[in-house]
Each structure stands twice: as structure tokens, then as C-alpha cells.
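Each residue of the sequence shown is one higher than the one before, starting from 4 at the first, in my numbering.
Think of the CB as a built atom: it goes at the ideal place given N, C-alpha and C, for glycine as much as any other residue.
If you're wondering where the values come from, they're calculated on a predicted model, not measured in any experiment.
Some notes on the structure that comes next.
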Amino acid sequence: MSSAVPATEATPNTESRLAAEGVTLAYGDARVVHEVSLEIPPASVTAIVGPNGCGKSTLLRGLARLHSPASGTVLLDGKDIHERSSKDVARELGILPQSPIAPGGITVRDLVGRGRTPHLKALRPWQDSDTRAVNDALKATGLTGLAERSVDSLSGGQRQRAWIALALAQQTELLLLDEPTTFLDIAHQYEVLDLVHGLAADGRTIVVVLHDLAQAARYADHLVLMSAGLILARGNPNDVLTADRVRAAFGLPVTVVSDPITGTPLIVPTGAPAGRSIPTKEIPA
């Protein structure tokens, strides 16, 4: 299969540590991602966007070694990621999946501390450096004051930040986040995305699945636009998010304008998908 919209290629400034080569991902006989090849640029934010069901999260799971390809290969440092042990991969790559579930009664500090598990060995027990990593992750996510609270007692947004803190405590160079702003109000969404952007500025490689195209365009250095299991375009957000490509991906007529603050693309609907209509006046309750 091939995409109907030509892809925009981005050339990384150094060699990518994480890549997919002709990867197909399936659930049983249902193929969800079709022969995708993708290099993740280092020390930057790559955002994967596209309509619901297009394969964004499945591709992220494939890159994280959580979903084995039906064909093709995911490479970590040039080696098939499935030829490496889970603990070995976990020392190099952190993953925040959708809707993770915490053990009942666990405190925020203990949950975040589990991010240190890949670094612990029989001859390498918990050390002061592990405590510092947990404290730094709590501070970065604004959870220091809630560290001794049960995760069960937190709001949805606080709970999501606790999981992000766990991923940060893992201290991996590669960090994959599946919809990390879920359940967060708009202020905390931008706090999390500012944090993600700062991590990339410090040299980490971030891959994040997002729904909000404006947020993705504002924070991503490299944008991957998917539809129906294919990559329609990849590259700089200003090059990827054209009106034709957004319409091809989402089936929605749009115009693209420039954000007056950042200069990044803003998507403005100008019509409706087939079978839907946009109200022209307020609808009574």
C-alpha cells in the first residue's frame, strides 16, 4: 500500500537511535499499520497525529517493543529491538501507555520509584542516585507535595502527571508518550508539553501521540501525519499540515492559518465531513 499524499522527508542532523523498517502491525488478521518506515530524529520532539483508529498508538507500541510486527523490523541502535531483553530495552527507552493502571493503595512516590526498576540489580540495590531521580521527577511534574498521597486519591490530571513522573524517573534518553495530556485541563496540558519540549532541548528524544493538531504543531520539531495505517507526510509541521493533507487524513475541509504567537499552523474547519453539518447559529439546550 502507498499513501495518496506525498511524504515530506526530514533529514536528521545525527544518526537516529530508533527506527522502523517496513513495519506492519496487526491484531489477529486485521492489519492496523501497513509497511511503515520511519526514523526518529534524535534530541527532538516527534509528534504522531491523525484521526482515531489510524494506527498512531499501535505504531508507538511497536516502536516501544510492546507489539511485535507481523513483518518488518524496529531497530534500536541498529539492532532488532526484539533481540534485546525487556530490561535492556527499558534502560534505553521509556514508555507511557494509554490509561495505565496503578496497583491499589500505592503512593505517588512508590509509583514513581518503579521507574528505577530497570536500573536495579542484585548487586546494585537502591541508591541515593535513585532517590534523587525520583525527587527530580516529582518536582518536574509538580507532584512533590502529593508524593505520600495514594494514587487512588488523585484527580485524573494528577494521576496522569504521576505516570509521566514514573517515565521521567526511568531516565532514559528515548521517551515514548501515548496521549500524555489525556484528562488534563488546558493549563496542565501546556505544562506537560513545555516539560516535554524542555526534555528534548536537554538532549532527550521524545515521541508523542497527540490529538490536538495545534499543540502538535507548536511543540513538535518533527510531525508524522497518519491515516488508515499509512504515513501521509512527515517533516516540519509547517510543511506537513497543509489544507490538502489535513483533508485527506480527516475528511474535513479546512484552511490553515499561522498562529500569531508562534507562527506554527492552526487548522480552521471550513466545512463538515460527509454526513455531518456545522450549525450556523446557536442551538437551544
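- If I'm right that L157 touches A165 with Cβ under 8 Å, what's the distance once you round it to whole angstroms? 7 Å
- Message: Using 8 Å for Cβ pairs, my map puts L202 next to L96. What's the rounded Cβ distance?
- Response: About 14 Å; that fails the 8 Å criterion.
- Extent of the continuous alpha helix (DSSP H) run through V363: This structure leaves residue 363 out entirely; the chain is present only between 4 and 288.
- Message: Please state the DSSP three-state secondary structure of P272.
- Response: strand
- Query: Which residues in the same chain have their Cβ closer than 7 Å to the Cβ of T27, if we skip the five residues on either side of it in sequence?
  - Reply: R34, V36, H37, E38, P72, A73, S74 and G75
- Item | CA-to-CA distance, A251 to V52, given in whole angstroms | 13 Å
- By how many angstroms is the C-alpha of G107 removed from the C-alpha of R117? 14 Å
- Query: Closest to L180 by CA distance: which of H200, P100, H70 and G56 is it?
  - Reply: P100
- Item | Cβ-based burial, K59 [other Cβ within 10 Å; buried from 16] | buried
- Quick one, are the C-beta atoms of V243 and L226 less than 7 Å apart? yes
- Message: Rounded to whole angstroms, what is the Cα-Cα separation between T110 and R152?
- Response: 5 Å
- Query: To the nearest angstrom, how far is it from the Cα of L187 to the Cα of L196?
  - Reply: 11 Å
- Task: Name the two residues that bound the continuous beta strand (DSSP E) containing V227.
- Result: H225 to S230
- Mind checking if A190 is an interface residue toward chain E, Cβ cutoff 7 Å exclusive? In summary, chain E is missing from the structure at hand, where a single protein chain is found.
- Query: Around the C-beta of A220, are 16 or more other C-beta atoms found within 10 angstroms, so that it is buried, or is it exposed?
  - Reply: buried
- Task: Return the Cβ separation of G232 and C57 in integer angstroms, given the expectation that the two are a contact with Cβ distance under 8 Å.
- Result: 7 Å
- Message: Could you tell me the alpha carbon to alpha carbon distance between G274 and E86, rounded to whole angstroms?
- Response: 48 Å
- Message: In whole angstroms, give me the CA-to-CA distance for A168 and I43.
- Response: 23 Å
- Message: Beta-carbon within less than 6 Å of A140's beta-carbon, same chain only, minus the 5 sequence neighbours each way: which residues are those?
- Response: V115, A168, L171 and A172
- Starting from the C-beta of S5, find all residues in its chain whose C-beta is less than 6 Å away, skip the five residues before and the five after it, and write them out in chain order. With a pLDDT of 41 at S5, under the threshold of 50, the modelled position of that residue is not reliable, and no figure is offered here.
- Pick from Q174, Q161 and G206: whose alpha carbon is nearest that of Q192? Q161
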